[in-house]
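All remarks here apply to the structure that follows.
Protein chains: 2
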Amino acid sequence: MSRKCQYGDMPKALPLLEDTSPICCDPLTDLQVISADDAMGLAQRLKALGDPTRIRLVSMLLTQPSQEACTCELAPLVGLSEPTVSHHLKQLLDVGLVTKARRGLNVYYRLEPQSVKALARVLDIDCC
Amino acid sequence: MSRKCQYGDMPKALPLLEDTSPICCDPLTDLQVISADDAMGLAQRLKALGDPTRIRLVSMLLTQPSQEACTCELAPLVGLSEPTVSHHLKQLLDVGLVTKARRGLNVYYRLEPQSVKALARVLDIDCC
DNA sequence: ACACTTCCTTGACATATATCAAAGAGCCTC
DNA sequence: GAGGCTCTTTGATATATGTCAAGGAAGTGT
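Residue numbers (the numbering used here), protein chains in the order written: chain F, 4 to 131; chain E, 4 to 131.
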């Protein structure tokens, strides 16, 4: 498996989260307890991913050649009604994990890989 | 037991997830959609972390010098009743993010850093 | 055995969530 | 503008979740 996007080789000082999204957080560390506010924001994003349907939607977006798909394509893939899929996509949208763009009749949802990776960075705990 | 955990100085290539826990998952990738089963398992673990109280509990365990704490210590820290904290700790326990060990009257919960890092690894998506 | 501490479970309640059908909102094409 | 797509919102319902009080379970000490 290729690790193309790892920040392992980058200088630790580079905080490239703020550039791409307002949601960010330092990695959990043994140095100090997370603030209540940060815990709330982090939990919101994790909860958005804490649903099998939404995990599958994220994965499906990731595997699209164009990295995007519309509701009418996704609904049959996950086997749920369009309103339900729309509801789930809104959850992901609200925490910045996807973006949406209308083109004609369709609304195309696109994954924000940086936001997902930002979560990965927070969970890559700094203790050992 | 040393508080400096496991694989700090080990070669990065070593995939020691399968060794330490049954819950694991390859990083999300653009190559194929995650299976429904894997999505379920991954969502369960993310949902366990998708609550501000549980995030704070994890962070608090991480900051303990011994990497562990008992319910009676954690309850006042998060400002909730002991049964409620016990309930949250059980959620974390059920998905393998913490372990517990009784010593005398107290039950000490301990963070499983490699389980958290395993989640980080899954979210460090492989696409760009 | 008894009392005390810590922890968990149960029961109850309020809130949140997932889901769909139905209706509304946007955007075409004719 | 009429009709037909696509998408979202609303309303309804069932399930899940977070919380606490009360009581039970496990362990220690007298």
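Beta carbons are placed, not taken as given, at the ideal position from N, Cα and C, and that holds for glycine.
Model, not experiment: these values are computed from the prediction.
- Non-local beta-carbon contacts of L96 (chain E) in its own chain, meaning distances under 8 Å to residues more than five positions away in sequence, involve T102, K103 and Y112 in chain order.
- With a threshold of 7 Å between beta carbons, K120 (chain F) makes contact with chain E.
- Using a Cβ-Cβ cut-off of 7 Å, P55 (chain E) counts as an interface residue toward chain F, since at least one Cβ of chain F sits closer than that to its own.
- The beta-carbon of P79 (chain E) is placed no less than 7 Å from the nearest beta-carbon of chain F.
- Closest option to L114 (chain F), judged by alpha-carbon separation, among F:V125, F:A72, F:D127 and F:P86: F:A72.
- By the Cβ neighbour-count rule, K93 (chain E) is exposed, with fewer than 16 other Cβ atoms within 10 Å of its own.
- Relative to C75 (chain E), the option among E:R59, E:L49 and E:V110 whose CA is nearest is E:V110.
- Comparing C-alpha distances from Q47 (chain F) to each of E:S69, E:A42 and E:T56 shows the shortest one belongs to E:T56.
- For C130 (chain F), the closest Cβ of chain E is nearer than 7 Å.
- Between L65 (chain F) and C130 (chain E), the C-beta spacing is below 7 Å.
- The secondary-structure analysis by DSSP pairs C130 (chain E) with nothing; it has no beta-bridge partner.
- Judged by their CB atoms, L52 (chain F) and L49 (chain E) are nearer to each other than the 7 Å cut-off.
- Between L60 (chain F) and G107 (chain E), the alpha-carbon positions lie close to 47 Å from each other.
- G99 (chain F) counts as buried, since at least 16 other C-beta atoms from the protein chains shown sit within 10 angstroms of its C-beta.
- One Cα belongs to H90 (chain F), the other to S84 (chain E), and the distance between them is close to 34 Å.
- Taking 7 Å as the cut-off, the Cβ atoms of V36 (chain E) and S62 (chain F) count as close.
- Residue state for V36 (chain E) is assigned as coil, using DSSP reduced to three classes.
- For M43 (chain E), there are no CB contacts under 7 Å within the same chain when 5 residues up- and downstream are skipped.
- A residue is called buried when at least 16 other Cβ atoms come within 10 angstroms of its Cβ; R124 (chain E) meets this threshold and is buried.
- A distance below 7 Å between beta-carbons, with the five flanking residues on each side excluded, links D41 (chain E) to the following residues of its chain, in chain order: C28.
- Selection E:P116, E:L126 and E:D33 evaluated against S69 (chain F) yields E:D33 as nearest (Cα-Cα).
- Nearest CB-CB separation between A46 (chain F) and chain E: below the 7 Å threshold.
- For S84 (chain F), no chain E residue has a Cβ inside 9 Å of its Cβ, as the nearest lies near 18 Å away.
- Note on P30 (chain F): under 16 other CB atoms within 10 angstroms of its CB, so exposed under the neighbour-count rule.
- Per DSSP, reduced to three states, the secondary structure at C28 (chain F) is coil, with no helix or strand assignment.
- Assignment of L114 (chain E) by DSSP, reduced to helix, strand and coil, places it in the strand class.
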